[in-house]
Amino acid sequence: MVWSVRALGEVCSFENGDRGQNYPSRSKFVETGIPFVNAGHLENGEIQCGDLNFITRENYNLLSRGKFQTGDFLFCLRGSLGKYAIVNNLSEGAIASSLVIVRTSAEVDKGYFSLYLQSQHCQRMINKFAGGAAQPNLCAKDLAKFAIPVPPLDEQKRIVALLNQAFADINQARALTEQNLKNARELFESTLQQVFSQRGEGWERATLAELLERGWITSHLDGNHGSDYPRKTEFIDQGIPYISANCLVDGKIDFNRAKFLSSERAGRLRKGIAQNNDVIFAHNATVGPVAILRTEESKVILGTSLTYYRCDPRFVMPEYLCQYMKTGEFASQYKLVMRQSTRNQVPITKQREFYHLIPPIDQQSMFAGLLADLSEQIEHLMGVYEMKLFALEELKRSLLQKAFSGELTQGHTEAA
Numbered sequence: 437m438v439w440s441v442r443a444l445g446e447v448c449s450f451e452n453g454d455r456g457q458n459y460p461s462r463s464k465f466v467e468t469g470i471p472f473v474n475a476g477h478l479e480n481g482e483i484q485c486g487d488l489n490f491i492t493r494e495n496y497n498l499l500s501r502g503k504f505q506t507g508d509f510l511f512c513l514r515g516s517l518g519k520y521a522i523v524n525n526l527s528e529g530a531i532a533s534s535l536v537i538v539r540t541s542a543e544v545d546k547g548y549f550s551l552y553l554q555s556q557h558c559q560r561m562i563n564k565f566a567g568g569a570a571q572p573n574l575c576a577k578d579l580a581k582f583a584i585p586v587p588p589l590d591e592q593k594r595i596v597a598l599l600n601q602a603f604a605d606i607n608q609a610r611a612l613t614e615q616n617l618k619n620a621r622e623l624f625e626s627t628l629q630q631v632f633s634q635r636g637e638g639w640e641r642a643t644l645a646e647l648l649e650r651g652w653i654t655s656h657l658d659g660n661h662g663s664d665y666p667r668k669t670e671f672i673d674q675g676i677p678y679i680s681a682n683c684l685v686d687g688k689i690d691f692n693r694a695k696f697l698s699s700e701r702a703g704r705l706r707k708g709i710a711q712n713n714d715v716i717f718a719h720n721a722t723v724g725p726v727a728i729l730r731t732e733e734s735k736v737i738l739g740t741s742l743t744y745y746r747c748d749p750r751f752v753m754p755e756y757l758c759q760y761m762k763t764g765e766f767a768s769q770y771k772l773v774m775r776q777s778t779r780n781q782v783p784i785t786k787q788r789e790f791y792h793l794i795p796p797i798d799q800q801s802m803f804a805g806l807l808a809d810l811s812e813q814i815e816h817l818m819g820v821y822e823m824k825l826f827a828l829e830e831l832k833r834s835l836l837q838k839a840f841s842g843e844l845t846q847g848h849t850e851a852a
C-alpha cells in the first residue's frame, strides 16, 4: 500500500478572517444573528454554542472572507495553538482573527484529518513552525507547509473506523475510572461527616477565639508580612523554606514547590513563622486546603495565602484539628464568608469567629487514627485510578502515533 507525505497546502485550502475595517468590534455584537466564532468557542473538536457571539446579517455581508460552512475545520493560529473544531452544528458563520478556515479536498477524509489534528505529527509541525517566541503563533502559510501522511482513501476510512471504536472504548473506560475516583473522594467525605456527627458526652463547641483564650490553640497567625514581604530577588536555592498555598497538595505539604530565604532575611520577618506540627490552612486564592506541617526545620515561613494553627496537644491534637477542618461543616463557614464578600479569601479575623468541635482527647486520638488510616487507603485508590487515567491517555497517543506511521492493525485497537 502506497502512502505519500504531502504538504497540507496540496490537500487543503485555507481562508483567513477579514481583518480589515469591516472586522466586527465587540460593540457590533448582538443578541441573535450570525455566529462569530473565536478560539474560546472551540473545545474537544467542536464549536461550543452556549456562549457564542453574534453579528447582524448586514455586518456579515460586509465581510469579504472568513465565512465558514458545514464541514469546514476551524484551526487556532494564536494563543491555544492547534485547538480546532469541525463545523457540524452551524450552517454559516464568521471567524475571529485568531482562527483560520481549513477545507479538505476529496483526497482527505474529514475524520482522518480530525485525527491528524490530534496527533503528535501535527504537534511536531506546530512546534517547528511556531518558533520559540514568548507568544508563539502561526499563519495560514505556515499551516500550508505542515506535512501529513496521506494513505489511499479506503485506508484512511479504515483507520478512522478502527480509532473511533478504540477511542469509544477508551472514553468508556475513562468515564468509569473518573466515576471510581469520584466515589473514592465521596467515601472519605461521607465517612468524615459520619465521624463528626457522632457527638457524645464531653464534646465542646467553641470558636477559635475562645480556644485561643483558653490556650487550647496557643497561636494563630498568617503570613501577612506587609512591607517586610520578600522581594523576588531575595529568594535563593537553599535556606529557610517559604511556602504558599500551592505547596499544599493532597493533604500534605510539598516542599519541592517551596521557595527559600537566607537565615538573615528570614530572621527579619516577625509573623507567619510556622513550626513542626502546626496545622496549615490556605485562606487566600485557593481557599480550603489544610495539612499538618511535618518538618525538621526550626521554622518555616508562610506566604500571605497561609495561616497556621498551633495546638496544645493536651487539649487539641493537630491530627484531629486537621481532619475536622476538612469537613463540610467547617468548609460551610468559610464558604459563607466568601459569598458575603465576593472575595476568594478568608481573613484571619473571620477565621477566629469559626466554631470548632472538640471531643475529649482520647476520642480525638481514636478519630485521628481512624481517619488517617482511611485517608491512606483512599489516597492509594486515587493514585491507582489517576495512573489508569494517565495510561488511557498514553494509549490514545500511542494509537494515533501508530495510525500516522502506517503501523495500525486490528490487534492494536483490540488491545485497547
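Numbering (the numbering used here), first residue to last: 437 to 852. We put the CB at the ideal spot given by N, CA and C, even for glycine.
What are the residues that DSSP puts in a beta bridge with K688? Paired residue(s): V685.
Beta carbon of I470, beta carbon of G529: below 7 Å? Yes.
Return helix, strand or coil for A710, following the three-state DSSP convention. If DSSP states are grouped into helix, strand and coil, A710 belongs with the strands.
Contact criterion: CB-CB distance below 7 Å. Does A804 meet it with respect to chain D? Absent from the structure: chain D. Only one protein chain is present.
Cβ pair count under 8 Å reaching 3, the stretch 796-805 against the stretch 749-763: With a cut-off of 8 Å on Cβ pairs, the stretch 796-805 is in contact with the stretch 749-763, counting three or more such pairs.
Exposed or buried, which one is P588 when buried takes at least 16 other CB atoms within 10 Å? In this structure P588 is exposed. Its beta-carbon is surrounded by fewer than 16 other beta-carbon atoms within 10 angstroms.
Determine the contact status of G708 and L684, defining contact as a CB-CB distance below 7 Å. L684 is positioned such that its CB atom lies no closer than 7 Å to that of G708.
Count the other CB atoms within 10 Å of the CB of Q592; is the residue buried (16 or more) or exposed (fewer)? Buried, by the Cβ-count rule.
Every unbroken alpha helix (DSSP H) within the stretch 745-772, with a cutoff of 4 residues, ordered by chain: The stretch 745-772 contains these whole alpha helix (DSSP H) runs: 754-760.
S440 - partner residues in DSSP beta bridges: In the DSSP output, where bridge partners are listed per residue, S440 has V586.
Where do the ends of the beta strand (DSSP E) carrying N480 lie? Per DSSP, N480 belongs to no beta strand (DSSP E) and is neither H nor E.
Distance between T722 and I679 (C-alpha atoms, nearest Å): Using only the alpha carbons, I get a separation of about 14 Å.
Between A609 and E843, what straight-line distance do the alpha-carbon atoms span, to the nearest angstrom? Distance between the alpha carbons of A609 and E843: 24 Å.
Which residue from S841, L835, F840 puts its Cα closest to that of Q601? If we check each option's Cα against that of Q601, L835 comes out closest.
In angstroms with no decimal places, state the Cα-to-Cα distance between R442 and V596. Their Cα atoms are separated by approximately 19 Å.
Report yes if the C-beta distance between G502 and G456 is below 7 Å; otherwise report no. Cβ atoms of G502 and G456: not closer than 7 Å.
Given a threshold of 16 other Cβ atoms within 10 Å of its Cβ, counted over all protein chains shown, does H477 qualify as buried or as exposed? Burial call: buried.
Between which residues of its own chain and R539 is the CB-CB distance below 7 Å, once the five residues before and five after are set aside? Cβ neighbours of R539 within its own chain (closer than 7 Å, five residues either side excluded): C448, S449, D508.
Between D690 and the rest of its own chain, which residues show a CB-CB distance below 6 Å, the 5 nearest in sequence each way excluded? Within the same chain, Cβ atoms closer than 6 Å to the Cβ of D690 are found at C683, the five residues on either side in sequence being excluded.
Quick check on K519: buried or exposed, where buried means 16 or more other Cβ atoms within 10 Å of its Cβ? By the Cβ neighbour-count rule, K519 is buried, with 16 or more other Cβ atoms within 10 Å of its own.
Three or more C-beta pairs closer than 8 Å, one from the stretch 629-639 and one from the stretch 756-768: is that the case here? Touching, per the Cβ criterion.
H557 lies in the alpha helix (DSSP H); which residues open and close that run? That run of the alpha helix (DSSP H) goes 556-566.
Using beta-carbon positions only, say whether K695 and F671 come within less than 7 Å of one another. For K695 and F671, yes; Cβs fall inside 7 Å.
beta-carbon S777 near the ligand MN non-hydrogen atom, thresh 6 Å: Inclusion of the ligand MN in the displayed structure is not the case, the ligand content being empty and no account of it being possible.
Exposed or buried, V820, counting other C-beta atoms within 10 Å across all chains shown (16 or more means buried)? Counting the other Cβ atoms within 10 Å of the Cβ of V820 gives fewer than 16, which makes it exposed.
Expressed to the nearest angstrom, what Euclidean distance is found between the alpha-carbon atoms of A851 and R621? Low local confidence applies: a pLDDT of 47 at A851 is under 50, so the model's placement there is unreliable, and no value is given.
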